[in-house]
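Enquirer:
In the numbering used here, the protein residues as written are 52 to 366.
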């Protein structure tokens, strides 16, 4: 049997294990890799390639980087390659409907949630931030909507109590590489059929904004901790202390160390450093703090230097 002709479409590190796995398997022939153009990244804004481009070049694959997948040249490229399927994972652009029918098997996507829950750009981050203990991966045949296409296979994943978004993402990307491989093979053999999603169960995971990282001390300590884990490394979790923005790292305490007279955001010095009063009588033990423009320091160092008094609170 001839190998399935695949075009792989993706951008971040999350997609790399899937690309590598498909490239290893003799059942597939990766005809091209589509990824975002090289762009300025990081603090220095140096132009660099996406993780998928770097992996593709290392493997020896042809890379195509259109400014937009909606262009006529992108359509001509796909028609010329004539793949059996396009695998798309976290590419970062909406695919126009006119391209979806070019591959015989369509465009198969690996999504980082148990669809229809957490449709959107940041499913792993929002699942953690919302305190979920179970998430998963779903393969779908994409349609013109946002993660609304019919599903192929699903795989549940437990979320660790202290697991951060980067840690969970790394675990899920490895699992996803096997899931997308199995989905392609079984779909081509006719062993699985696309099943429509239940719209009534749908929820959304929008792209993260900087404001999502601002701490609302009226939430419980566990809720704040969940958001700290989910929003690492960006936008992080931050608050304001005496007019200065501070990025905070901490852990929820088992019980509230704050008296009923204290209000959310007030700082309570402790033998371990400092605790912050949160909602519903809970408290958060801070482990480290980084005032904007300065180095990250321990909570104890912060407490010693801040001379906490009546103004000892985060806003």
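The beta carbon of each residue, even a glycine, is placed where N, CA and C say it ideally should be.
Since this is a predicted model, take the numbers as computed values, not measurements.
Roughly how many whole angstroms lie between the Cα atoms of residue 100 and residue 266?
Expert: 33 Å
Enquirer: In whole angstroms, what is the alpha-carbon distance linking residue 185 and residue 124?
Expert: 41 Å
Enquirer: Provide the residue span of the beta strand (DSSP E) that contains residue 289, from first to last.
Expert: 289-292
Enquirer: How many Å lie between residue 367 and residue 151 at the Cα?
Expert: For the chain, the structure presents residues 52 to 366; residue 367 sits outside this window and is missing.
Enquirer: Report yes or no: do the segment 159-173 and the segment 73-81 share at least 3 C-beta pairs separated by less than 8 Å?
Expert: no
Enquirer: For residue 273 versus residue 202, is the C-beta spacing smaller than 9 Å?
Expert: no
Enquirer: Among 293, 300, 321, which has the Cα closest to the Cα of residue 281?
Expert: 300
Enquirer: Rounding to the nearest angstrom, what Cα-Cα distance links residue 336 and residue 277 in this structure?
Expert: 14 Å
Enquirer: Helix, strand or coil, according to DSSP, for residue 187 in the structure here?
Expert: strand
Enquirer: Which partner residues does residue 300 have in the DSSP bridge list?
Expert: 339
Enquirer: Classify residue 276 as helix, strand or coil using the three-state DSSP reduction.
Expert: helix
Enquirer: Measure the C-alpha to C-alpha separation of residue 269 and residue 303 and round it to an integer number of angstroms.
Expert: 14 Å
Enquirer: I'd like to know if the segment 250-260 and the segment 214-229 are in contact, where contact means that at least 3 CB-CB pairs between them fall below 8 Å.
Expert: no
Enquirer: Quick check: the Cα distance between residue 363 and residue 321, rounded to an integer number of angstroms?
Expert: 13 Å
Enquirer: What ranges does the alpha helix (DSSP H) occupy inside the segment 173-238, keeping only unbroken runs of at least 4 residues that lie completely in it?
Expert: 174-180
Enquirer: Please report the straight-line C-alpha distance between residue 85 and residue 136, rounded to a whole angstrom.
Expert: 13 Å
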